[in-house]
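S.K.:
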Amino acid sequence: MKTRILPANLIDDNTLWNDLILGDEKSFSLLFERYYGDLVSYGNSLSPYAEKVQDCVQDVFTDIWVYRSSLQSSVVVKAYLLSSVRKRIARLFERDHIFRKTASTDDIAFLLEFSVENDLLDDDYATKEKVSYLNKLLNELPARQKEALYLRYHQALSVEQIAEMLDVNYQSASNLLHRGLLTLRKEWKGSFALITLLFSSSL
Amino acid sequence: MQKRNKYTEIEDFLSDESFQQWVLSRVDENGWEEWTLESRQRAKLVEDARLMLLAMKIPENELTKSDIHRALQDTWLKIREKENQKNVKTLKLNFFRKRFLTGIAATLVIGLMSAWFYNNHFKTENKIVTYKELIDENSEGLVEQTNNSNKPQIITLSDGSSVLLQPNSKLSYPKIFTGNERKVYLSGEGFFEISKNPKKPFFVYANEIVTKVVGTSFRVKAYSDQPDVEILVRTGKVKVKSNELISKSDEEEIVLLPNQALRFLRNDMKFNKITNITQDPVLVQNVGNIEQLSFEFNDIPVSQIFETIEQAYLVDIDYPENKLKECHLTTSLSDQPLTEKLKIVCKSIGNNTSFEMNGNQIIITSEGCN
Numbered sequence: 001m002k003t004r005i006l007p008a009n010l011i012d013d014n015t016l017w018n019d020l021i022l023g024d025e026k027s028f029s030l031l032f033e034r035y036y037g038d039l040v041s042y043g044n045s046l047s048p049y050a051e052k053v054q055d056c057v058q059d060v061f062t063d064i065w066v067y068r069s070s071l072q073s074s075v076v077v078k079a080y081l082l083s084s085v086r087k088r089i090a091r092l093f094e095r096d097h098i099f100r101k102t103a104s105t106d107d108i109a110f111l112l113e114f115s116v117e118n119d120l121l122d123d124d125y126a127t128k129e130k131v132s133y134l135n136k137l138l139n140e141l142p143a144r145q146k147e148a149l150y151l152r153y154h155q156a157l158s159v160e161q162i163a164e165m166l167d168v169n170y171q172s173a174s175n176l177l178h179r180g181l182l183t184l185r186k187e188w189k190g191s192f193a194l195i196t197l198l199f200s201s202s203l
Numbered sequence: 001m002q003k004r005n006k007y008t009e010i011e012d013f014l015s016d017e018s019f020q021q022w023v024l025s026r027v028d029e030n031g032w033e034e035w036t037l038e039s040r041q042r043a044k045l046v047e048d049a050r051l052m053l054l055a056m057k058i059p060e061n062e063l064t065k066s067d068i069h070r071a072l073q074d075t076w077l078k079i080r081e082k083e084n085q086k087n088v089k090t091l092k093l094n095f096f097r098k099r100f101l102t103g104i105a106a107t108l109v110i111g112l113m114s115a116w117f118y119n120n121h122f123k124t125e126n127k128i129v130t131y132k133e134l135i136d137e138n139s140e141g142l143v144e145q146t147n148n149s150n151k152p153q154i155i156t157l158s159d160g161s162s163v164l165l166q167p168n169s170k171l172s173y174p175k176i177f178t179g180n181e182r183k184v185y186l187s188g189e190g191f192f193e194i195s196k197n198p199k200k201p202f203f204v205y206a207n208e209i210v211t212k213v214v215g216t217s218f219r220v221k222a223y224s225d226q227p228d229v230e231i232l233v234r235t236g237k238v239k240v241k242s243n244e245l246i247s248k249s250d251e252e253e254i255v256l257l258p259n260q261a262l263r264f265l266r267n268d269m270k271f272n273k274i275t276n277i278t279q280d281p282v283l284v285q286n287v288g289n290i291e292q293l294s295f296e297f298n299d300i301p302v303s304q305i306f307e308t309i310e311q312a313y314l315v316d317i318d319y320p321e322n323k324l325k326e327c328h329l330t331t332s333l334s335d336q337p338l339t340e341k342l343k344i345v346c347k348s349i350g351n352n353t354s355f356e357m358n359g360n361q362i363i364i365t366s367e368g369c370n
């Protein structure tokens, strides 16, 4: 999750984007600095080859600058960038497996494992238990549901944007998100009662 | 801001950035802690959302600022390479036509140069931001106070902050501060003592510079006809940056601590931070009364304390001398605006003591100390 605190007078993405289209190098650099980290960490969740991921992200930015005159001016910048990175990485897969027919972005598996906050210092043991249990459930979700959750809550994309990125319609994207949380909650509620019970009896 | 009152699902919380900040970085800018405790049902929902967030952490991004910077430079190299390839291709294609194009190219070069020249020239003119422009930018109704006398003048703002305005200076401020920010506009020089309120940061706009504080005292000197702007901090912490009107980018803020100063060269648009103010002849020469006087009092007669305040703020204090003859106080009044200082003194003398302020005239009513 992003923990950086942004300065108050941030110029919004679209202003920078439009200045970039007009050829403003400074705006390009600002957007680069703003999203490079996020894009690399997203890329890393799709491919295990860290250097290639950085290359891909840089290539995405290179193309943006070189072909800036053909860019659309009204895009959601972050969603556009994330989706470009996704496509790039898919293309990389395609090249590497040239004899295989897997070419669509659907075949990319979301590899990221959610992790648990290490320093739950001021939390009691029960909380830690709950968190790691939840974490286990989350990691057992199907890759696409995980990716949807990641895009929604770590990259703050809207449901529409997620649908577009994963190449599904709005309803499916919303289902992906909802089903993920629903399964989780169902399992969780059940075992939660148990955990709580165990704890209250042992105290 | 209170859209969270309508939250009914865990999902609502998960996507709230300020909630994420509270849970993951423990930065509670919006009072989540308190808000959560307002209702039991809410507390349950918040707890679930919190656990979910904690369980959904992803490995920290290991890229440092310099990593990103290097990546950016690499990318520019790639861009140049790609652009060259593109150009080589088009050049080859146009090899025969090139000669014909030379003439056009020359015209273009001249055109570009003049455009560049005009642009640069135009931009330097645009760099100077004046008080008037700043005032026009603001849409809240402002009160303007001008000091045409030859003595500093005290202004008390609606939040209790005080400003000691130097001769030939102007200050514009809203009659009552509304919203989440306190903004004032200065032309000339003033010494600011800001009442503490972390929820409503205080901004001083002066020429090209914006100074942001939460609660502190400092001096701003920004005459529109002088080549630089100076900020000198006495207590607390202050952040300074250039006004958005001249720089679009989110440039770094400069943080100033007590006894540090900053000089902004208006022509070069450069910040010079001065960490040792005693070595700077201009700053030393300019120290006003208020900055020289100490407000740390240890068993001092009240009359002496009032005298110090009179000297610092150039006000007249009228108080019942006989009744307060025997009163001594031990108190620290540094880092407090004028009204705060008076409040503290009155309260320390006793419950039956109060003050009234009318411009430069302050009247203390008291029945003596306990």
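So the sequences go chain by chain: A and B. For the first sequence, the working numbering gives the first residue as 1, with consecutive numbering after it. For the second sequence, the working numbering gives the first residue as 1, with consecutive numbering after it. Yeah, the Cβ is synthetic: ideal placement off N, Cα and C, and Gly gets one too.
#1: Can you give me, in chain order, the residues of the stretch 31–46 of chain A that have a beta carbon less than 7 Å from any beta carbon in chain B?
#2: Does the stretch 191–209 of chain B touch the stretch 336–352 of chain B, meaning 3 or more C-beta pairs lie closer than 8 Å?
#3: Cα-Cα, which of B/226, B/142, B/278, B/79 is closest to residue 178 of chain B?
#4: Any beta carbon from chain B within less than 7 Å of residue 130 of chain A's own beta carbon?
#5: Is the beta carbon of residue 238 of chain B less than 7 Å from the beta carbon of residue 265 of chain B?
#6: Between the stretch 53–70 of chain A and the stretch 63–78 of chain B, can you find at least three pairs of beta-carbon atoms closer than 8 Å?
#7: Name the DSSP beta bridge partners of residue 263 of chain B, please?
#8: Suppose you measure from the CA of residue 187 of chain B to the CA of residue 154 of chain B; what does that come to, to the nearest Å?
#9: Which of the three DSSP states, helix, strand or coil, is assigned to residue 363 of chain B?
#10: Looking at the C-beta of residue 45 of chain B, does it have a partner C-beta in chain A at a distance below 7 Å?
#11: According to DSSP, simplified to helix, strand and coil, what is residue 307 of chain B?
#12: Which residue or residues does DSSP assign as beta-bridge partners of residue 11 of chain A?
#13: Can you tell me whether residue 318 of chain B is buried or exposed? The criterion is at least 16 other CB atoms within 10 Å of its CB, across all chains shown.
#14: Alpha carbon to alpha carbon, what distance is there between residue 27 of chain A and residue 290 of chain B?
#15: Could you give the distance in angstroms between the alpha-carbon of residue 66 of chain B and the alpha-carbon of residue 33 of chain A?
#16: Buried or exposed for residue 64 of chain A, please, with buried defined as at least 16 other CB atoms from any protein chain shown within 10 angstroms of its CB.
#17: Looking at chain B, which residues of the stretch 145–165 of chain A have a Cβ within less than 8 Å of any of its Cβ atoms?
#18: Whose CA, out of A/93, A/137, A/165, A/154, lies closest to the CA of residue 180 of chain A?
#19: Below 8 Å on the Cβ atoms is my guess for residue 311 of chain B versus residue 293 of chain B; work out the distance and round it to an integer in Å.
#20: Could you name the residues of the same chain whose beta carbon sits closer than 8 Å to that of residue 277 of chain B, not counting the 5 residues immediately before and after it, in chain order?
#21: What does a CB cutoff of less than 8 Å around residue 176 of chain B pick up in its chain, not counting 5 residues either side in sequence?
#22: Is residue 138 of chain A close to chain B, meaning its C-beta is less than 7 Å from at least one C-beta of that chain?
#23: Ignoring anything shorter than 3 residues or poking outside the stretch 19–46 of chain B, list the beta strand (DSSP E) runs there in chain order.
#24: Which same chain residues end up closer than 6 Å to residue 275 of chain B when comparing Cβ atoms and leaving out the 5 residues on each side of it in sequence?
#25: Return the residues of the stretch 58–72 of chain B that lie within a Cβ-Cβ distance of less than 7 Å from chain A, sorted by chain order.
#26: Taking the alpha carbon of residue 351 of chain B as the point to measure from, which residue in B/357, B/365, B/271 has its own alpha carbon closest?
#27: Can you tell me whether DSSP reads residue 217 of chain B as helix, strand or coil?
#28: Would residue 37 of chain A pass as a contact of residue 53 of chain A if the rule is Cβ separation under 7 Å?
#29: Check for me: the beta strand (DSSP E) holding residue 205 of chain B runs from which residue to which?
#30: Check the Cβ-Cβ distances between residue 56 of chain B and every residue of chain A, and say whether any is below 7 Å.
#31: Assign residue 143 of chain A to buried or exposed, taking buried as 16 or more other Cβ atoms, counted over all protein chains shown, within 10 Å of its Cβ.
#32: Please give the ranges of any alpha helix (DSSP H) in the stretch 127–181 of chain A, keeping only runs that are unbroken, at least 4 residues long and fully inside the region.
#33: Evaluate residue 173 of chain A with the Cβ neighbour count: other Cβ atoms within 10 Å of its Cβ, from every protein chain shown; 16 or more gives buried, anything less gives exposed.
#34: Which bits of chain C does residue 74 of chain B rub up against, with CB to CB less than 8 Å?
#35: What do you reckon, are the CB atoms on residue 18 of chain B and residue 30 of chain B nearer than 7 Å?
#36: Would residue 299 of chain B be called buried (16 or more neighbouring beta carbons within 10 Å of its own) or exposed?
M.R.: Let's see:
#1: Answer set for the stretch 31–46 of chain A: 32, 33, 36, 37, 40, 41.
#2: Touching, yes.
#3: As a first step, residue 178 of chain B must be located in the second sequence, where it is residue number 178. Of the candidates B/226, B/142, B/278, B/79, B/142 places its Cα closest to the Cα of residue 178 of chain B.
#4: For the purposes of this step, residue 130 of chain A is taken as the residue at position 130 of the first sequence. Taking a beta-carbon distance threshold of 7 Å, residue 130 of chain A counts as an interface residue toward chain B.
#5: Within the second sequence, numbered from 1, the residue matching residue 238 of chain B stands at position 238. Within the second sequence, numbered from 1, the residue matching residue 265 of chain B stands at position 265. Not a contact, by the Cβ cut-off of 7 Å.
#6: Contact between the stretch 63–78 of chain B and the stretch 53–70 of chain A is present, because at least three Cβ pairs lie under 8 Å.
#7: For the purposes of this step, residue 263 of chain B is taken as residue 263 along the second sequence, with counting starting at 1. Residue 263 of chain B is bridged to B/230, B/272.
#8: For the purposes of this step, residue 187 of chain B is identified with residue 187 of the second sequence, where counting begins at 1. For the purposes of this step, residue 154 of chain B is identified with residue 154 of the second sequence, where counting begins at 1. So the two alpha carbons sit approximately 15 Å from each other.
#9: Against the second sequence, residue 363 of chain B aligns to sequence position 363. DSSP places residue 363 of chain B in strand when its eight states are reduced to three.
#10: The residue given as residue 45 of chain B occupies position 45 in the second sequence. Look at residue 45 of chain B: its C-beta is not under 7 Å from any C-beta on chain A.
#11: Here residue 307 of chain B refers to the residue found at position 307 of the second sequence. Under the three-state reduction of DSSP output, residue 307 of chain B falls in the helix class.
#12: The count along the first sequence starts at 1 and reaches residue 11 of chain A at position 11. For residue 11 of chain A, which the question treats as bridged, DSSP gives no partner whatsoever.
#13: Within the second sequence, numbered from 1, the residue matching residue 318 of chain B stands at position 318. Under this definition residue 318 of chain B is an exposed residue.
#14: Within the second sequence, the letter at position 290 stands for residue 290 of chain B. Within the first sequence, the letter at position 27 stands for residue 27 of chain A. For residue 290 of chain B and residue 27 of chain A, the gap between their C-alpha atoms comes out near 44 Å.
#15: Translated into positions along the second sequence, residue 66 of chain B becomes position 66. Translated into positions along the first sequence, residue 33 of chain A becomes position 33. One C-alpha to the other measures close to 10 Å.
#16: The residue labelled residue 64 of chain A in the question sits at position 64 within the first sequence. Counting other Cβ atoms within 10 Å of its Cβ, residue 64 of chain A reaches 16 or more and is therefore classed as buried.
#17: Of all residues in the stretch 145–165 of chain A, the ones placed with a Cβ closer than 8 Å to any Cβ belonging to chain B are 149, 150, 152, 153, 154, 156, in chain order.
#18: Translated into the one-based positions of the first sequence, residue 180 of chain A becomes position 180. Looking at the Cα atoms, A/137 is the closest of the given residues.
#19: Numbered from 1 along the second sequence, position 311 holds the residue referred to as residue 311 of chain B. Numbered from 1 along the second sequence, position 293 holds the residue referred to as residue 293 of chain B. Residue 311 of chain B to residue 293 of chain B, Cβ: 6 Å. Contact.
#20: As a working mapping, residue 277 of chain B is identified with position 277 in the second sequence. Excluding positions up to five away in sequence, the list reads 232, 259, 260, 261, 283, 284.
#21: For this step, residue 176 of chain B is matched to residue 176 along the second sequence. These residues qualify, in order along the chain: 158.
#22: Here the question's residue 138 of chain A lines up with position 138 in the first sequence. By the rule that beta-carbons nearer than 7 Å mark a contact, residue 138 of chain A touches chain B.
#23: DSSP runs (the beta strand (DSSP E)) wholly in the stretch 19–46 of chain B: none.
#24: By one-based count along the second sequence, residue 275 of chain B stands at place 275. If we look at residue 275 of chain B and ignore the five residues flanking it on each side, its Cβ neighbours are 260.
#25: If the cut-off is 7 Å between Cβ atoms, the stretch 58–72 of chain B has 58, 59, 61, 63, 68, 71, 72 near chain A.
#26: The residue labelled residue 351 of chain B in the question sits at position 351 within the second sequence. That would be B/365, whose Cα lies nearest to the Cα of residue 351 of chain B.
#27: Looking up residue 217 of chain B in the second sequence gives position 217. Note: residue 217 of chain B maps to strand in three-state DSSP.
#28: Here residue 37 of chain A refers to the residue found at position 37 of the first sequence. Here residue 53 of chain A refers to the residue found at position 53 of the first sequence. With respect to residue 53 of chain A, residue 37 of chain A sits apart: the two C-beta atoms are not nearer than 7 Å.
#29: Taking the second sequence and counting its residues from 1, one reaches residue 205 of chain B at position 205. Run containing residue 205 of chain B: 202–206, per the beta strand (DSSP E) assignment.
#30: Your numbering for residue 56 of chain B matches position 56 in the second sequence. Residue contact check for residue 56 of chain B against chain A: a CB pair falls below 7 Å.
#31: As a working mapping, residue 143 of chain A is identified with position 143 in the first sequence. With a threshold of 16 other beta carbon atoms within 10 Å, residue 143 of chain A falls short and is exposed.
#32: 143–153, 159–166, all fully within the stretch 127–181 of chain A.
#33: Position 173 of the first sequence, counted from the start, is the residue given in the question as residue 173 of chain A. With 16 or more other Cβ atoms within 10 Å, it is buried.
#34: The chain inventory of the structure shown lacks chain C, comprising the protein chains A and B.
#35: In the second sequence, residue 18 of chain B corresponds to position 18, counting from 1. In the second sequence, residue 30 of chain B corresponds to position 30, counting from 1. For the pair residue 18 of chain B and residue 30 of chain B, the CB atoms are nearer than the 7 Å cut-off.
#36: Working through the second sequence from its first residue, we reach residue 299 of chain B at position 299. Counting the other CB atoms within 10 Å of its CB gives residue 299 of chain B a total below 16, which places it among the exposed residues.
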